[in-house]
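If you're matching them up, the sequences are chains L and V in order. Taking numbering that gives the first Met the number 0, the leading residue of the first sequence gets 0, the next gets one more, and so forth. Taking numbering that gives the first Met the number 0, the leading residue of the second sequence gets 0, the next gets one more, and so forth. Even for Gly, the Cβ is constructed at its ideal location relative to N, Cα and C. No experiment lies behind these values; they were computed from the predicted model shown.
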Amino acid sequence: MQEVAMPANNPEMALICLLIPLLPFIGFLINGLGNRKLPVGLAGFIGSATVFTSFLLSLYLFFSFNGQPYLTDIFNWVSVGNLQIPISFQIDQLSLIMLLLVTGVGFVIHVYSVGYMHHDENFGKFFAFLNLFIFSMLLLVMGSNYVLMFFGWEGVGLCSYLLIGFWNKNQNYNNAAKKAFIMNRIGDLGFLLGIFLIFNTFESVSYAEVFSKATQMPNLLNAPVIVTITLLLFVGAMGKSAQLPLYTWLPDAMAGPTPVSALIHAATMVTAGIYMVLRSNVLYSLAPDTLHVIAIIGLITAVFAATIGLAQNDIKKVLAYSTVSQLGYMFLALGVTAYTSSMFHVLTHAFFKALLFLGAGSVIHAMSGEQDIRMMGGLRKKLPITFLTFLIGTLAISGIPPFAGFFSKDELLAHVWEHSKIMWAFGVFASFMTAFYMFRLLYLTFFGSFRGTEEQRHHLHESPASMTLPLIILAILSTIGGFMGIPAVFGAHHYLADFLSPVFNNARIANPSMFEAAELSHSTEYILMAISVGVAVLAIIVAYVTYVKKRTVPADEDTRLSPLHNLIYHKYYIDEIYNALIVRPIMWLSTNVYRFVEQSIIDPVVNGFGKTVLGGGRSLRLLQTGDIGFYIFAMVLSIALIILLNFRFW
Amino acid sequence: MDQIPEVIRTIPLNYYLFFSTALFVIGVTGVLTRRNAIVIFMCIELMLNAVNLLLTAFSAYRSDANAQVFVFFIMAVAAAEVCVGLAIIVMIYRNIRSTDINILNNLKW
Numbered sequence: 000m001q002e003v004a005m006p007a008n009n010p011e012m013a014l015i016c017l018l019i020p021l022l023p024f025i026g027f028l029i030n031g032l033g034n035r036k037l038p039v040g041l042a043g044f045i046g047s048a049t050v051f052t053s054f055l056l057s058l059y060l061f062f063s064f065n066g067q068p069y070l071t072d073i074f075n076w077v078s079v080g081n082l083q084i085p086i087s088f089q090i091d092q093l094s095l096i097m098l099l100l101v102t103g104v105g106f107v108i109h110v111y112s113v114g115y116m117h118h119d120e121n122f123g124k125f126f127a128f129l130n131l132f133i134f135s136m137l138l139l140v141m142g143s144n145y146v147l148m149f150f151g152w153e154g155v156g157l158c159s160y161l162l163i164g165f166w167n168k169n170q171n172y173n174n175a176a177k178k179a180f181i182m183n184r185i186g187d188l189g190f191l192l193g194i195f196l197i198f199n200t201f202e203s204v205s206y207a208e209v210f211s212k213a214t215q216m217p218n219l220l221n222a223p224v225i226v227t228i229t230l231l232l233f234v235g236a237m238g239k240s241a242q243l244p245l246y247t248w249l250p251d252a253m254a255g256p257t258p259v260s261a262l263i264h265a266a267t268m269v270t271a272g273i274y275m276v277l278r279s280n281v282l283y284s285l286a287p288d289t290l291h292v293i294a295i296i297g298l299i300t301a302v303f304a305a306t307i308g309l310a311q312n313d314i315k316k317v318l319a320y321s322t323v324s325q326l327g328y329m330f331l332a333l334g335v336t337a338y339t340s341s342m343f344h345v346l347t348h349a350f351f352k353a354l355l356f357l358g359a360g361s362v363i364h365a366m367s368g369e370q371d372i373r374m375m376g377g378l379r380k381k382l383p384i385t386f387l388t389f390l391i392g393t394l395a396i397s398g399i400p401p402f403a404g405f406f407s408k409d410e411l412l413a414h415v416w417e418h419s420k421i422m423w424a425f426g427v428f429a430s431f432m433t434a435f436y437m438f439r440l441l442y443l444t445f446f447g448s449f450r451g452t453e454e455q456r457h458h459l460h461e462s463p464a465s466m467t468l469p470l471i472i473l474a475i476l477s478t479i480g481g482f483m484g485i486p487a488v489f490g491a492h493h494y495l496a497d498f499l500s501p502v503f504n505n506a507r508i509a510n511p512s513m514f515e516a517a518e519l520s521h522s523t524e525y526i527l528m529a530i531s532v533g534v535a536v537l538a539i540i541v542a543y544v545t546y547v548k549k550r551t552v553p554a555d556e557d558t559r560l561s562p563l564h565n566l567i568y569h570k571y572y573i574d575e576i577y578n579a580l581i582v583r584p585i586m587w588l589s590t591n592v593y594r595f596v597e598q599s600i601i602d603p604v605v606n607g608f609g610k611t612v613l614g615g616g617r618s619l620r621l622l623q624t625g626d627i628g629f630y631i632f633a634m635v636l637s638i639a640l641i642i643l644l645n646f647r648f649w
Numbered sequence: 000m001d002q003i004p005e006v007i008r009t010i011p012l013n014y015y016l017f018f019s020t021a022l023f024v025i026g027v028t029g030v031l032t033r034r035n036a037i038v039i040f041m042c043i044e045l046m047l048n049a050v051n052l053l054l055t056a057f058s059a060y061r062s063d064a065n066a067q068v069f070v071f072f073i074m075a076v077a078a079a080e081v082c083v084g085l086a087i088i089v090m091i092y093r094n095i096r097s098t099d100i101n102i103l104n105n106l107k108w
């Protein structure tokens, strides 16, 4: 059994734990309050330095961690009846890794933003929001109870809204921000209900208590209550981590500045759902039924989003659907109880997806805002660093060894193979599509001849160092990141699995059968690897032939496409379906409620009160005659009345 | 009722009651009907005295000194009130050469 997390008796530790989220918050305050007064350089420096310091502190925590999870209580936040919600941080293997990821990749993205947002008039505001985002995410990751996690959860939701709609002069961008916010609220309702049910069942919301009670309670395996809890929590994860059917906000979220897309997609918000499921691994292990649902939804999302990615022409949209698809993979891994593999993929994905987004940002920067890959081409020569790093990111996400994505995706697929062969086949199919659309993107952007305007051609330039440096750092991470989890078949050490293993101790006790490892024979494992690499290489070749040899360029907006192509190009019309099924009826309902209830019932009633008081005042005013005799008469009469009333003659 | 002095007993309590009621009613009527501010003031004094008389009478009949303390308070307050009130009335008289309350209606809406 995992040792119940002990309070850290070391005040120094408590201070460090407090400082990690507090520093970005201070950065937010400084940048937010001094938005217009701070010089641009200082705002960028404060924004990045606070996150960097948090990263250093997280590193310190990581290296001084002795394998024993601990809690640091900051103060008691809510205390009602038997509900105790302290502001308290739990430092264990899972939160440490997430801490490093959030602050590390977050810092790199901050540095990148300094270059990318340089010309923006609201530079300080942007950094304030970024810092607030990091702060919320850190709370989410470090909190020792579900309520604190929910607090951070809502915080990143708010910040995503602020950041996606950062260029709020464009109404489309505002709509995208609202969409992200509202879609997330749908999921959050599920999460919130899940927390209520947890409290109702375990009479606590703190992880340590809930999980130890969950392991001790009898007959909990697949009990309706545990299945309901886990399903409700998963609804929250579906919203935040963009799973079917709540994924449509994420591609639209591309409206925000590119560093925001990178931050949301890579290291923070969208992985929150995975983190939450991982954190609740005890509960999920007790609910195999829920895990089936998760695996199926994850797989469908992975395949579904990958097909959409095949036909998108916006450089960021392709990456967005790729994120949805990769998140599907992660949930698929969670669903087959390959918790570590899922976390592994979260990590490597954070590296290469941040890299890809930032690379796309660099391209967009060079193309002065152009995002359509049909207008690009041949950028290889002009943007050598961007091209090389983007290539590494593409190789990594396609699963080509020895880049990071290969290890995580391969491990993930091996676990899926153990679970179900059909699921594995679909997973490999999605992996084929991933490699194809990523290389399609790469070839169309960087190979061939330039297809943009003359003006853009002259403008082309490599990005400044503040942007290329993060690209290089992330490229290195994407290259070597996979070595933290080398599969056993290569005779090497799986550091990540060893490190994370204690997190799942409770789950092992709660449901031992789930963790009985079905050892794959080495030959099977080699074959699986060969297949996934072969599939990826095949996809690359197909893409090469299509887009480089034959110089195919995706059709213009007004050409007629084949029905299937058309369907995919329009993202299966999911947005339109949602619009017709949900948005329109709600709009119709609210317009009519406004017209009939608000305007003809509530408005007259409220205005009636005001008018009555006004009229009453106007008539009562006439009593003030100034006639003393009348005043005295009124007084005597009133006194007589009071006396009479006191005697109660009736 | 043994301790009540003979002198007081010669007049029954009811007489005091009737008398002070009469005084009070005269006061009220005066306040309501007269127009001269000074007379109204006097009528108020009349009402206060009616109450004082009643308090004293009951106090004497019940051999309880508490009420007489109230009487002193009422007297003190009445004296203070008259001071202020008369001063105001004098000022009003100096300004408009009259103490008729029907003229004093400048403070209306």
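- Inside the segment 9-71 of chain L, DSSP marks whole alpha helix (DSSP H) runs of 4 or more residues at positions 10-32, 39-62, from first to last along the chain.
- For phenylalanine 190 of chain L against glycine 235 of chain L, the beta-carbon gap comes to about 3 Å, under 8 Å, which counts as contact.
- Where leucine 622 of chain L is concerned, there is no enclosing beta strand (DSSP E), because DSSP gives it neither an H nor an E.
- Residue range 170-201 is occupied by the alpha helix (DSSP H) that includes phenylalanine 201 of chain L, with no beta strand (DSSP E) assigned at that position.
- Legend: CB atoms of the segment 608-635 of chain L lying less than 8 Å from CB atoms of chain V belong to residues Arg620, Leu621, Gln623, Thr624, Gly625, Asp626, Ile627, Gly628, Ile631, Phe632, Val635.
- Between phenylalanine 27 of chain L and alanine 127 of chain L, the C-beta gap is smaller than 9 Å, which places the two residues in contact.
- For leucine 309 of chain L, there is no enclosing beta strand (DSSP E), since its DSSP letter is neither H nor E.
- Cα atoms of alanine 496 of chain L and glycine 484 of chain L: separation of roughly 7 Å, rounded to the nearest angstrom.
- Residue-level contact check: arginine 34 of chain V touches chain L, since one or more beta carbons of chain L fall below 9 Å from its beta carbon.
- Among the residues facing chain L, isoleucine 39 of chain V is included, as its CB has a counterpart in that chain under 9 Å away.
- In terms of beta-carbon proximity, asparagine 48 of chain V stays away from the interface with chain L, with every pair separated by 9 Å or more.
- Within chain L, no residue has its CB atom less than 7 Å from the CB of valine 81 of chain V, the nearest being about 17 Å off.
- DSSP lists L:Asn75 as the beta-bridge partner residues of proline 85 of chain L.
- When the beta-carbon positions are compared, isoleucine 627 of chain L and asparagine 35 of chain V stay at least 9 Å from each other.
- Contact check for alanine 42 of chain L against glycine 123 of chain L passes: the beta carbons are separated by less than 9 Å.
- Secondary structure at aspartate 63 of chain V: coil, using DSSP grouped into helix, strand and coil.
- Distances from the alpha-carbon of valine 146 of chain L to those of L:Asn645, L:Asp91, L:Ser78 put L:Ser78 closest.
- It is roughly 13 Å from the alpha-carbon of alanine 349 of chain L to the alpha-carbon of isoleucine 472 of chain L.
- Closest in alpha carbon position to aspartate 251 of chain L, among L:Phe201, L:Asn280, L:Leu566, L:Leu162, is L:Leu162.
- Using a Cβ-Cβ cut-off of 9 Å, leucine 45 of chain V does not count as an interface residue toward chain L, since no Cβ of chain L sits closer than that to its own.
- Assignment of isoleucine 391 of chain L by DSSP, reduced to helix, strand and coil, places it in the helix class.
- Remark: C-beta atoms of serine 465 of chain L and valine 113 of chain L approach each other more closely than 9 Å.
- Looking at L:Leu100, L:Leu21, L:Val39, the one whose alpha-carbon comes closest to that of isoleucine 86 of chain L is L:Leu21.
- Judged by DSSP in its simplified three-state form, isoleucine 10 of chain V adopts coil rather than helix or strand.
- Contact check for alanine 56 of chain V and leucine 12 of chain V: beta-carbon distance about 6 Å, within the 8 Å limit, so the pair qualifies.
- Look at the segment 91-159 of chain L and you find these whole runs of alpha helix (DSSP H), each 4 residues long or longer: 92-115, 122-141.
- Bounds of the alpha helix (DSSP H) holding asparagine 505 of chain L are 504-509.
- Within chain L, the residues Gly625 have their CB atoms less than 8 Å from the CB of asparagine 105 of chain V, given in chain order.
- Each of L:Ala506, L:Met374, L:Trp423, L:His457 was checked against the Cα of tyrosine 338 of chain L, and the nearest Cα belongs to L:Ala506.
- By DSSP's assignment, asparagine 35 of chain V forms a beta bridge with V:Asp99.
- In the DSSP annotation of this structure, phenylalanine 482 of chain L is not part of any alpha helix (DSSP H), being labelled neither H nor E.
- Out of L:Ile225, L:Asp313, L:Gln92, L:Phe125, the CA that lies nearest to the CA of glycine 33 of chain L is found in L:Phe125.
- Using a CB distance cut-off of 9 Å, leucine 31 of chain V counts as an interface residue toward chain L.
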